[in-house]
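Chains Y and H are the protein sequences, given in the same order.
Counting along the first sequence from 1, when you hit position 267 you're at 257 in the numbering used here, and nothing is skipped either side.
Counting along the second sequence from 1, when you hit position 137 you're at 127 in the numbering used here, and nothing is skipped either side.
All residues carry an ideal CB built from backbone N, CA and C; glycine is no exception.
Since the model is a prediction, treat every value here as computed from it, not as a measurement.
Inspection log for the structure reproduced underneath, given as structure tokens.
2 protein chains.
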Amino acid sequence: MDAQPLSTGPLPTFPSLLDAAARIRLHARVTPILRSDALDTAAGAQLLFKCENLQRAGAFKFRGACNAVYALDDAIAARGVATQSSGNHGAAIALACRLRGIPATVVVPEGAPKVKLDAIAGEGARIVRCAPNMRARDAAVAQVIAETGATLIHPFDHPDVIAGQGTAAMELIAAESGLDAIIAPVGGGGLLSGTSIATRALSPDTQIWGAEPEAARDAFDSLASGELIIDRVPDTICDGLRGHLSPRTFALIARDANGILLADEASICDAMRLVWTHLKLVIEPSSAVALAVVLGNPTRFSGQRIGIILSGGNIDTASLHVLLA
Amino acid sequence: MDAQPLSTGPLPTFPSLLDAAARIRLHARVTPILRSDALDTAAGAQLLFKCENLQRAGAFKFRGACNAVYALDDAIAARGVATQSSGNHGAAIALACRLRGIPATVVVPEGAPKVKLDAIAGEGARIVRCAPNMRARDAAVAQVIAETGATLIHPFDHPDVIAGQGTAAMELIAAESGLDAIIAPVGGGGLLSGTSIATRALSPDTQIWGAEPEAARDAFDSLASGELIIDRVPDTICDGLRGHLSPRTFALIARDANGILLADEASICDAMRLVWTHLKLVIEPSSAVALAVVLGNPTRFSGQRIGIILSGGNIDTASLHVLLA
């Protein structure tokens, strides 16, 4: 790849994943790995689902948030943590800060679903509303930090967050040997980056694939062109995958992952229904894209043993209606 | 209790549960036990959910079906198994017979949901349709048995089925010590009977409660009156709990369980939504009644450590709409 040098900041390494695993052990769940004969038959492959929808706060995001919050020195932690997220990272930060006993402030754009606000507020975090654009959001976060001295923990562009997310794949590989591939959804790229670091270290022969909605294919196109694309506004049911990579996650994924596979919106909804029906799990649309790319690429994965990271289960009623359509 | 002597046939004992656990070990899943801070707060108690919705074929029924199918002598098994069930037992028998490599015939009344028929047929069982009344059903089963020499495995009035169902509570008690109570839904009483036998043997200080829809309170009234009630046609969303006890399950439950608690239909739907939202699990309405009785009896269970058996996850679209209501 001929990308120009990027300013990535420090890239997390496998030892930082080991630190993360030790740091979150008392707080995060070792989530179960489930499977289904019917889904294996549908895929023509053996599928092992790492159920991060059963993680605390309903998504893998708690791993990274917990690691980053507990990695702070006491004096810095005491001033609190700030983040911007209308989604799972906000609730994860709120929970991690409650557990550590420090203040959390989450900047949330106007128009965010009430269910997400309730999840953040339910963990005791302060919510600051802002206009629904990036400039207003960044200004609000800067103001919180200026006023409180809080530390910013970004949803994915943060080495401790990436290291924490990688612990899901560490558990998957420890429990299931001989995986031919591991597949994780890609939005900002924190989960896929952490998954790649874990997999390259622990199971170097296992392929690593990102799964992305066709309607939000900025990571796919970034890898293909070698240039990080950040200027799109994707329209996909996968609300957790509308973000774009950062220079850091782009560099990690370009180095370690085998590539990105795409799935259209209809196949993502079908995959969500299949998980509901056969695994009896509530997952959010962003989680379903990984199964969708397996089912959409039968030749590539035929006969393989595949780990799939089900990233989260925080679905709102609108998405639920999709299941009934 | 002043009940007249009942013809119960042999009552399973704890050693038969140990046999069952050994017999099904290679086939059934040790299902995960999940919990949620939000549900603990809602209940004012510590709730440990034994997730039989994640069992093979989507319900605890596979434990009893598998035990009964594998308990058959080879020569008898070769002639196949017959049962009547439009629900989870039919699919469980079909799967168990497929695994053992013997024929299964399931008698299903006209009008049964297509999703259930598909589950049974998907495991390779023969389906025989009959008119939707008990006489036609019994006649159809008798004809299958006369023609094929198949062995009848009843959905709950069978010692090996009851013993198999008890293995869920065995796993729960082995994993979680110091339970104040275990709660299981009651329809025909197979699960509650097996649960009672396991609990009395392994954790004698733990209370055992059945959970029953108010709209199908035949077990509650049978225990209260001392007389087995079999002549009602209940109207409840809990399609798995519309049956009545048999003399055998009545005797076991009257002897070993602490009692039955009731929940109305609205509270059952609320409980199903709570499990969806906080445990991220798809459960069928019949499973939700156990949580509903905990939430409906806060004084009784306040501060306790409670095992709840989530019995199954085979929900149809009609029940799914309830979640959106």
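Would a check of beta-carbon distances place residue i closer than 7 Å to chain Y?
| i | result |
| --- | --- |
| S277 (chain H) | no |
| V272 (chain H) | yes |
| P(-5) (chain H) | In this prediction, P(-5) (chain H) has a pLDDT of 44, which is less than 50 and means its spatial position is unreliable; what the coordinates show is noted afterwards. Cβ-Cβ to chain Y under 7 Å: no for P(-5) (chain H). |
| M(-9) (chain H) | With a pLDDT of 36 at M(-9) (chain H), under the threshold of 50, the modelled position of this residue cannot be trusted, and the question is left open. |
Which chain Y residues are close to residue i, counting only those with a beta carbon under 7 Å from its beta carbon?
| i | result |
| --- | --- |
| V20 (chain H) | Per Cβ cutoff of 7 Å: no residues; V20 (chain H) is ~10 Å from chain Y at best. |
| G303 (chain H) | K270 |
For chain H, is any of its Cβ atoms less than 7 Å away from the one on residue i?
| i | result |
| --- | --- |
| L44 (chain Y) | yes |
| I298 (chain Y) | no |
Chain H partners of residue i, CB-CB under 8 Å?
| i | result |
| --- | --- |
| V59 (chain Y) | Residues of chain H passing the Cβ test: none, with the nearest at roughly 17 Å. |
| L16 (chain Y) | Correct list: empty, because the minimum Cβ distance to chain H is about 15 Å. |
Could you name the residues of chain H that residue i contacts, counting a contact when the two beta carbons are closer than 7 Å?
| i | result |
| --- | --- |
| G48 (chain Y) | K270 |
If distances are taken between C-alpha atoms only, which option among the options comes closest to residue i?
| i | options | result |
| --- | --- | --- |
| D64 (chain Y) | Y:G80, Y:P22, Y:G91 and Y:E42 | Y:G91 |
| A158 (chain H) | H:H144, H:L182 and H:G168 | H:L182 |
| I117 (chain Y) | Y:A129, Y:S76, Y:D150 and Y:P149 | Y:S76 |
| A401 (chain Y) | Y:I227, Y:L310, Y:D221 and Y:E217 | Examination of residue 401 (chain Y) is not possible in this model, given that chain Y is present from -9 through 315 alone. |
| N43 (chain Y) | Y:R290, Y:L285, Y:G293 and Y:E274 | Y:E274 |
| Q133 (chain H) | H:V71, H:D150, H:L162 and H:E100 | H:V71 |
| A129 (chain Y) | Y:D229, Y:T73 and Y:A28 | Y:T73 |
| P194 (chain H) | H:D211, H:A247, H:V151 and H:P237 | H:A247 |
| L252 (chain Y) | Y:L1, Y:Y60 and Y:L285 | Y:L285 |
| L107 (chain Y) | Y:A81, Y:A121, Y:P122 and Y:R88 | Y:A81 |
| S292 (chain Y) | Y:P122, Y:H148 and Y:D170 | Y:D170 |
| I298 (chain H) | H:C41, H:R119 and H:A109 | H:C41 |
| V279 (chain Y) | Y:R232, Y:T239 and Y:S236 | Y:R232 |
| V96 (chain H) | H:L271, H:P103, H:V105 and H:I83 | H:I83 |
| A10 (chain Y) | Y:E100, Y:G184 and Y:D27 | Y:G184 |
| K270 (chain H) | H:R13, H:L29 and H:T(-2) | H:L29 |
| A164 (chain Y) | Y:L38, Y:H311, Y:T141 and Y:P237 | Y:L38 |
| M262 (chain H) | H:H311, H:V223, H:R238 and H:E161 | H:H311 |
| P0 (chain Y) | Y:T239, Y:F210 and Y:K51 | Y:T239 |
| V304 (chain H) | H:A109, H:L89 and H:A126 | Residue identity check: residue 304 (chain H) is Asn in the sequence provided, not Val. That would be H:A109, whose Cα lies nearest to the Cα of N304 (chain H). |
| P175 (chain Y) | Y:S167, Y:I143, Y:I66 and Y:F210 | Y:F210 |
Closer than 8 Å by beta-carbon distance: list the chain Y residues that pair up with residue i, in chain order.
| i | result |
| --- | --- |
| W266 (chain H) | V272 |
Is it buried or exposed, residue i, if we count other Cβ atoms within 10 angstroms and call 16 or more buried?
| i | result |
| --- | --- |
| A282 (chain H) | buried |
| T307 (chain Y) | exposed |
| L16 (chain H) | exposed |
| M124 (chain Y) | exposed |
| V20 (chain Y) | exposed |
| D(-8) (chain H) | Interpretation of D(-8) (chain H) is limited by its pLDDT of 38, a score under 50 that renders its predicted location unreliable; no figure is taken from the coordinates. |
| Q(-6) (chain Y) | Note that Q(-6) (chain Y) has pLDDT 42, beneath the 50 cutoff, so the model's placement of it is unreliable and the number below is only indicative. Label assigned to Q(-6) (chain Y): exposed. |
| R302 (chain Y) | One point to set straight first is that residue 302 (chain Y) is Gly, not Arg, in the sequence displayed. G302 (chain Y) is buried by the Cβ-count criterion. |
| H234 (chain Y) | buried |
| T289 (chain Y) | exposed |
| V105 (chain Y) | exposed |
| H79 (chain H) | buried |
| G101 (chain H) | exposed |
| N267 (chain Y) | For the sequence presented, residue 267 (chain Y) should be read as Thr rather than Asn. The residue is buried, with at least 16 neighbouring Cβ atoms inside 10 Å. |
| V98 (chain H) | buried |
| A121 (chain Y) | exposed |
| V223 (chain Y) | exposed |
Name the chain Y residues whose beta carbon is nearer than 9 Å to that of residue i?
| i | result |
| --- | --- |
| L24 (chain H) | R19, P22 and L44 |
Does the ligand HEM have a heavy atom nearer than 6 Å to the CB of residue i?
| i | result |
| --- | --- |
| D27 (chain H) | This structure lacks the ligand HEM, and indeed carries no ligand of any kind. |
Taking 7 Å as the CB-CB limit, is residue i close to chain B?
| i | result |
| --- | --- |
| A115 (chain Y) | Here chain B cannot be found, since the structure's protein chains are Y and H. |
*asked:* Is it the case that the stretch 216 to 227 of chain Y contacts the stretch 184 to 201 of chain Y, given that we only count it when at least three CB pairs across the two stretches are under 8 Å?
replied: Verdict: no, contact absent.
*Could you say if the stretch 133 to 152 of chain H and the stretch 46 to 58 of chain H meet the contact criterion of at least three C-beta pairs nearer than 8 Å?*
The stretch 133 to 152 of chain H vs the stretch 46 to 58 of chain H: in contact.
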